[in-house]
Structure formats: C-alpha cells, structure tokens
Amino acid sequence: MKIRPEILDHWPEVRERLPADFELEATARLRGAFTRVREIKNAETLLRLALAYGGLGMSLRETCAWAEVGGIARLSDPSLLERLCKAAPWLGDIVAALIAEQAKAPAGRFAGYRLRVLDGTSICHPGADRTTWRLHVGYDLATAQVDQLELTDIHGGENLQRLTYAPGDIVLADRYYARPRDLRPVIDAGADFIVRTGWNSLRLLQTNGEPFDLFAALAAQQEQEGEVQVRVHEGMTGTPPPLVLRLIVRRKDPQQAQAEQERLLKDARKRGKKPDPRSLEAAKYILLLTSLPTATFAPADILTLYRFRWQIELAFKRFKSLAGLDSLPAKKPELARAWLYARLIVAIIAEQIAGQVPDSPPSGCGYPTG
5 MKIRPEILDH
15 WPEVRERLPA
25 DFELEATARL
35 RGAFTRVREI
45 KNAETLLRLA
55 LAYGGLGMSL
65 RETCAWAEVG
75 GIARLSDPSL
85 LERLCKAAPW
95 LGDIVAALIA
105 EQAKAPAGRF
115 AGYRLRVLDG
125 TSICHPGADR
135 TTWRLHVGYD
145 LATAQVDQLE
155 LTDIHGGENL
165 QRLTYAPGDI
175 VLADRYYARP
185 RDLRPVIDAG
195 ADFIVRTGWN
205 SLRLLQTNGE
215 PFDLFAALAA
225 QQEQEGEVQV
235 RVHEGMTGTP
245 PPLVLRLIVR
255 RKDPQQAQAE
265 QERLLKDARK
275 RGKKPDPRSL
285 EAAKYILLLT
295 SLPTATFAPA
305 DILTLYRFRW
315 QIELAFKRFK
325 SLAGLDSLPA
335 KKPELARAWL
345 YARLIVAIIA
355 EQIAGQVPDS
365 PPSGCGYPTG
C-alpha cells in the first residue's frame with residue numbers, strides 16, 4: 005500500500021469511502037471544527053485541506069497554494085493552522101468511524117475464534133529524542149484490517165485494556181502486555197489471550213499458591229515444547245478466585261538462542277553493565293501465557309497461533325514507512341494530532357483501495373526470537 009499524491013484528485017471516490025452514515029457537516033459543527041463560513045465554505049472543504057496537509061504531507065504553505073490553484077479555498081498559513089488545530093478531535097472521529105465500518109465486515113473464524121493482535125508504536129515530532137505520541141492498534145487477522153485504534157501522548161501506556169473484547173476473541177500480545185491487572189478483564193469479557201512473557205515480567209506461583217521456580221521447570225523440560233500450570237500473583241485479596249493459566253514453553257533452536265544472548269550482551273555492554281545470568285538462560289526459551297483450554301489447544305497450537313503476530317508488524321510497516329506515519333512535521337500538540345489523524349484517514353482509504361496484504365511472514369516460517 006502506498007499513498008499516491010493523486011488520491012485527492014479523485015475526491016468523489018475518496019468521499020465514497022467515508023462511512024455513509026457519518027454526517028460531515030453536523031459532526032464538524034458539533035465538535036467545533038467548523039463554526040463559521042469564511043475562507044472555508046463547508047466541512048467537506050475542511051476535510052480536503054486536512055487530508056492534503058496530513059495525508060499527503062504538504063506543508064501549510066503548500067496546502068494553501070494547492071487549495072487556491074484548485075479553487076477549493078483561499079486562506080493564509082496561520083488561518084489554516086488555526087482551523088486544523090480545532091479540527092483534530094473531529095478528524096479523530098472520522099478515523100474511528102472508518103475503523104468501525106471495517107469492523108462490520110464478516111470476520112473469518114479460526115475454529116470458532118476470532119484472532120486479534122494488539123500492539124503499540126511510537127511516533128516522534130521533529131527533533132525529539134524520545135516518544136511524543138503512541139499509536140495503539142488492534143488488528144483483526146481474519147479480515148487483515150485494523151479494527152481498533154487509539155492515539156495517546158507519551159503517558160498512554162501499552163496494556164490489554166486498549167481493546168474491547170467479545171466472546172470468542174483471542175488476543176495476541178507481546179511481553180509489554182503481560183501485566184497482572186490486565187489479564188483477568190480479558191477473561192471476564194469472555195475472551196482469551198496468548199501473551200509473551202519474560203522470566204521476570206510477572207510473579208508466578210504454583211497453583212496451590214506456593215512459590216514457583218521457573219528455571220527449575222525449564223531445566224526439567226525434556227521435550228522442545230511443553231507446558232505447566234501456574235498461578236499469577238495479582239496483588240489482590242478478597243473474592244476473586246486465583247488466576248490459573250498455562251505457561252507454554254518452547255526451547256529455541258541453538259542459533260536463535262545464541263542470537264538473543266548476543267543481543268543481551270551487546271545491550272549490557274552499551275550500558276556498562278553485566279547481563280543478569282537469568283536473562284541469558286531465559287533467552288533460550290519462548291514463554292507464552294494463555295487462558296485457552298488445554299483440551300482444545302495443545303502447546304504446539306498456541307505457538308502456531310502466536311506466530312500470527314508478525315502480521316501487525318507488517319501493518320505498522322505500512323503505516324509508518326509506506327504511509328509515512330513516521331514523518332510527523334508538527335510540534336504543536338493540536339496540529340500534530342490533526343496531522344496524524346489526517347494521515348490515518350488517507351492511509352486507511354488507500355489500503356482499502358489497494359486490497360489485501362501479503363500472506364507470508366517477513367522473516368520466513370520460523371518462530372519469533374524477540
């Protein structure tokens with residue numbers, strides 16, 4: 005998928021891709037994005053300007069020149085900046101409406117389940133040396149489409165509660181989402197999860213509440229793949245029953261284990277420290293926590309399902325690289341939000357026009373090593 009500059013030259017086609025029940029004029033006025041008719045005559049014109057600026061990566065001056073030459077609007081750079089800043093919440097509503105429209109598509113099922121991936125990606129404004137914005141993305145593997153999206157500032161942490169769940173959902177997430185308080189709500193919603201975990205991500209207990217020795221369990225595993233039941237310490241007392249889950253363990257191939265250990269050693273050298281020996285030992289294994297039932301999903305099935313996470317890596321590559329989501333030009337928060345939302349609107353529409361994504365993982369058929 006690639007955003008082509010001529011996409012806005014075919015405005016009627018782009019306009020048809022917006023949800024039919026989304027009233028541009030009414031919602032723009034309700035959100036305060038369009039309050040008076042002056043240089044910009046209606047909400048549709050405001051949207052075209054926003055998409056030219058954010059979606060196509062024009063500067064404010066270029067957008068004004070493009071609009072004047074095309075007979076769309078005539079306004080100054082400061083005036084456009086002010087209008088776009090006010091339009092940011094409204095543009096966010098349009099993104100949400102597009103996502104909701106995609107979610108209506110019939111979802112393929114895997115043995116009665118719907119596979120969903122949750123991940124987050126960082127976006128920085130010009131000159132920033134750290135995260136400025138964080139984009140949280142829910143991805144439906146059956147439809148190969150984003151089905152939920154949330155934009156937060158740097159304080160918006162990654163957690164499983166960024167998604168809403170329905171019975172039959174299976175969410176796949178990496179180790180950043182392995183947090184005790186976030187696991188139970190997924191189960192309470194009737195859904196299940198497969199979450200990558202590290203040796204020190206969670207405090208694990210035996211099912212009877214006694215301490216659990218992870219490394220003893222790893223050393224005792226004879227086969228390449230295995231599992232053990234564990235209890236997650238949630239730090240709560242009272243009525244909730246213990247959260248008992250399956251810990252799926254897969255011993256990595258020697259080359260994969262060595263590559264991960266070398267990465268840990270290199271990172272430790274950069275920080276002038278020695279790596280924890282337990283980290284080097286845990287690097288030999290893939291550890292997954294899941295709430296899926298043993299009778300239906302064998303350890304090999306859990307590992308196979310988790311491998312589908314690579315698809316959201318492709319989605320992020322499309323959004324950040326091909327769609328240029330990582331070229332945020334604005335520092336002012338309101339303008340940055342407008343730019344990001346406009347970029348997402350065009351990216352989603354361009355992806356709809358382009359069709360489906362490739363159906364093979366970028367790194368071959370091996371298991372993930374990170």
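Going by the working numbering, the sequence shown opens with residue 5, and the numbers climb by one from there.
Each residue gets a CB set at the ideal place from its N, CA and C atoms; glycine is no exception.
Note that this is a predicted model, so its numbers are computed, not measured.
| From E27 to D97, what distance separates their C-alpha atoms? | 11 Å
| message | What would DSSP say about Y143, mapped onto helix, strand or coil? | response | strand
| Can you list the beta strand (DSSP E) stretches of 3 or more residues lying completely in the region 35-119, in chain order? | none
| Beta carbon of L79, beta carbon of A54: below 7 Å? | no
| task | Give every residue of the same chain whose Cβ lies closer than 8 Å to the Cβ of Q210, excluding the five residues on either side of it in the sequence, and list them in chain order. | result | F216, V234, R235
| field | Endpoints, alpha helix (DSSP H) assigned at Y289 | value | It is not in any alpha helix (DSSP H) - Y289 instead sits in the beta strand (DSSP E) that spans 289-294.
| query | What are the start and end residues of each continuous beta strand (DSSP E) run of 3 or more residues lying completely inside the region 253-304, in chain order? | reply | 289-294
| Which value, in whole angstroms, describes the spacing of the CA atoms of A346 and E17? | 17 Å
| message | Please classify T308 as buried or exposed, where buried requires at least 16 other C-beta atoms within 10 Å of its C-beta. | response | exposed
| task | Give a yes or no on contact between the region 136-146 and the region 180-195, applying the rule of three or more CB pairs nearer than 8 Å. | result | no
| message | In this structure, how does DSSP classify A195 when only helix, strand and coil are distinguished? | response | coil
| query | So, are the CB atoms of A77 and E43 less than 7 Å apart? | reply | yes
| message | As a quick exercise: from L251, V41, L164, pick the residue whose alpha carbon is nearest that of W203. | response | L251
| query | Would you say K277 and K256 are within 7 Å of each other, going by their C-beta atoms? | reply | no
| Through-space distance from A146 to R21, alpha-carbon basis | 21 Å
| field | Whole runs of the alpha helix (DSSP H) within the region 178-250, excluding any shorter than 4 residues | value | 184-192, 218-224
| field | Coil, strand or helix - T308 by DSSP | value | helix
| query | Which one or two residues does DSSP pair with W343 in a beta bridge? | reply | For W343, which the question treats as bridged, DSSP gives no partner whatsoever.
| So what's R166 in DSSP terms, helix, strand or just coil? | helix
| request: Ignore the nearest five residues each way along the sequence and tell me which others in R188's own chain have a CB closer than 8 Å to its CB. | output: E238, P244, L247
| Best match in S283, L51, I103 for proximity to A71 [C-alpha to C-alpha] | L51
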